[in-house]
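*Asks:* Please find one structure pasted underneath; my questions will follow.
In full-length UniProt numbering, the protein residues as written are 1 to 561.
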């Protein structure tokens, strides 16, 4: 305590020399507020240091980080201010009692002078009055002065507490709220522990501390929160299990086929001598061509996805797709059978699906009702959960990648851009992976995809099924759509009259942390279906009559088990 007494004396002497205007209420009253301002620098410094550390650790809370944060907070917010405030109060009490404390004779003489009639002798005012605790207890005849004193010893600390809580929230931004208590609870303890010091000393010290605390919000805010990439990295398991290195052997399953693409006009079939005899071209895009083919060894219809230019990046993408799909086991996800070398490139051999894209169904028949939208959302959320459980992200959930079979059941296709968690959002050529109208804001801004961004895309797809439009509206160009996504432009085409409007608004929140998880979505949507008396199993669009395909659909023979 002697160390803090000397430090307090030096602090008061320095404050007296720096700011002593010689006017009411007195030089030492001003020095007390100046000393309080200097004490206020310690909590500001603590918040600044914690914010800087969290730029690297983000939300990684363990014994080490909690010990560091807690130690910094207790030392700078409680221990040092507490000891200094007590030492300052004791200095004034010593001078009032006739001593000199750590002040020189000139300073003691000045402290014993009077500047204002209502203040009186400064040493008496600062060191001879009641304590904070005694001031809080009302006495007869105080009246208005009691209110003034109560505002000084209770109101000011409460205002500072609010500012300190803001410091805590800034220091622990983009993370859970509970660690902020490590910062502001010590200040609450400081207020309680200083109840025994002189009330007038405390009041003027709080004034200086309040001013510096408010000004200190600026530098703490300038540190900025940890990046979303750092947050996601800190919240991930340190050693996630890797996806399988090669496709798993095919296992019999009892659900309907779950692959692949929309049909085009029949093309000339390739009658090569390989295992897979091509029958007709189903689709053609920037990545490659999809063919309907016959597996000559197993006698089943399959889909072949063949890359245009099988360079190193393309081969890696296709191998990644094969591993991703082999790891996922869900009836609403496409299955992969093989990765084969064809005469014109590497081919991904997949299950073949009879159905139409959701985009075609909505264009043809109009938006779906709430029951069908709920089934769509619940079914595909469960499919994505199965993928995420295997550490696989889809990255391009959109209406054209949802195939609805003739029974009205949805299937998630085109995992061709699927990546394991943590892979980049750009290809080696610099092209963004995904479709701008259905790209989550954080991914459009250049941050890595995540389960939350897949969930955003699914919510956008459900919103489209209810309205017939992307949630941010239709843009003239892909670049305009990407720009709107990167700006986190608020959705303008949500189904306002839908029972799912509120959940969709939450699921499309620009901040991934504010979105409900896919498990929460399944729980809420299934609960709504149960309350509505509707089954979670059933068609998500109009059911086609048996044997009556429409333009744009893909037909196959029933799968043989």
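Virtual Cβ for every residue (Gly too), placed ideally from N, Cα, C.
Using the three-state DSSP reduction, which class does residue 483 fall into: helix, strand or coil?
*Replies:* Residue state, collapsed to three classes: helix.
*Asks:* DSSP on residue 357, reduced to helix/strand/coil?
*Replies:* In this structure, residue 357 counts as strand in the three-state DSSP scheme.
*Asks:* In terms of residue numbering, what span does the beta strand (DSSP E) encompassing residue 351 cover?
*Replies:* Neither: residue 351 is in no beta strand (DSSP E) and is coded neither H nor E.
*Asks:* Within the chosen definition, does the stretch 181-199 reach the stretch 68-79 through at least 3 CB pairs nearer than 8 Å?
*Replies:* Judged by Cβ distances under 8 Å, the stretch 181-199 makes contact with the stretch 68-79, as three or more pairs qualify.
*Asks:* Just tell me which of 55, 109 and 465 has its CA closest to the CA of residue 364.
*Replies:* Comparing Cα-Cα distances from residue 364 to each of 55, 109 and 465, the minimum goes to 465.
*Asks:* Do the stretch 451-470 and the stretch 376-396 meet, that is, are 3 or more Cβ pairs less than 8 Å apart?
*Replies:* Judged by Cβ distances under 8 Å, the stretch 451-470 makes contact with the stretch 376-396, as three or more pairs qualify.
*Asks:* With DSSP as the reference, please indicate the residues paired to residue 305 in a beta bridge.
*Replies:* According to DSSP, residue 305 bridges with 290 and 348.
*Asks:* Taking 8 Å as the threshold (C-beta atoms), are residue 170 and residue 132 in contact?
*Replies:* In this structure, residue 170 does not lie closer than 8 Å to residue 132 by Cβ.
*Asks:* Since residue 90 and residue 5 are thought to touch, with beta carbons under 8 Å apart, how far apart are those beta carbons, to the nearest angstrom?
*Replies:* Between residue 5 and residue 90 the Cβ distance is about 6 Å, and since that is below 8 Å, they are a contact.
*Asks:* With a 10 Å radius around its C-beta and 16 neighbouring C-beta atoms as the bar for buried, classify residue 388 as buried or exposed.
*Replies:* When all chains shown are included, residue 388 counts as buried.
*Asks:* Does the stretch 100-120 come close enough to the stretch 44-57 that 3 or more CB-CB pairs lie under 8 Å?
*Replies:* Not touching, per the Cβ criterion.
*Asks:* Should the stretch 342-356 be regarded as contacting the stretch 396-413, the criterion being three or more beta carbon pairs within less than 8 Å?
*Replies:* The stretch 342-356 is in contact with the stretch 396-413.
*Asks:* Would the beta-carbon of residue 315 be found less than 7 Å away from any heavy atom of the ligand FMN?
*Replies:* Among the components modelled here there is no ligand, and therefore nothing to report on the ligand FMN.
*Asks:* Apart from the five residues on each side of it in sequence, which residues of its chain come closer than 7 Å, Cβ to Cβ, to residue 469?
*Replies:* Within the same chain, residue 469 has close Cβ partners 493.
*Asks:* My output table needs one value for residue 500: the three-state DSSP class, helix, strand or coil.
*Replies:* Residue 500: coil per DSSP, three-state reduction.
*Asks:* Measuring straight from C-alpha to C-alpha, what distance separates residue 532 and residue 304?
*Replies:* The straight-line gap from Cα to Cα measures roughly 42 Å.
*Asks:* Quick one: what's got a C-beta closer than 8 Å to residue 119's C-beta in the same chain, skipping five residues either side?
*Replies:* Cβ neighbours of residue 119 beyond the five flanking positions: 24, 25, 26, 29 and 125.
*Asks:* Taking the C-alpha atoms as reference points, what is the distance between residue 403 and residue 176?
*Replies:* Taking the straight line joining both Cα atoms gives about 38 Å.
*Asks:* Specify, as a first and last residue, the run of the beta strand (DSSP E) that residue 411 falls within.
*Replies:* 410-412 is the extent of the beta strand (DSSP E) around residue 411.
*Asks:* Can you give me the C-alpha to C-alpha distance between residue 293 and residue 340, rounded to a whole angstrom?
*Replies:* One C-alpha to the other measures close to 13 Å.
*Asks:* For a minimum of 3 consecutive residues, which ranges assigned as the beta strand (DSSP E) are wholly contained in the stretch 66-107?
*Replies:* Those beta strand (DSSP E) runs which fall completely within the stretch 66-107 and span 3+ residues do not exist here.
*Asks:* Can you give me the C-alpha to C-alpha distance between residue 201 and residue 218, rounded to a whole angstrom?
*Replies:* Approximately 28 Å, taken between the alpha carbons.
*Asks:* Hey, out of 17, 161, 31 and 115, whose CA is closest to residue 78's CA?
*Replies:* Out of 17, 161, 31 and 115, 161 has the C-alpha closest to the C-alpha of residue 78.
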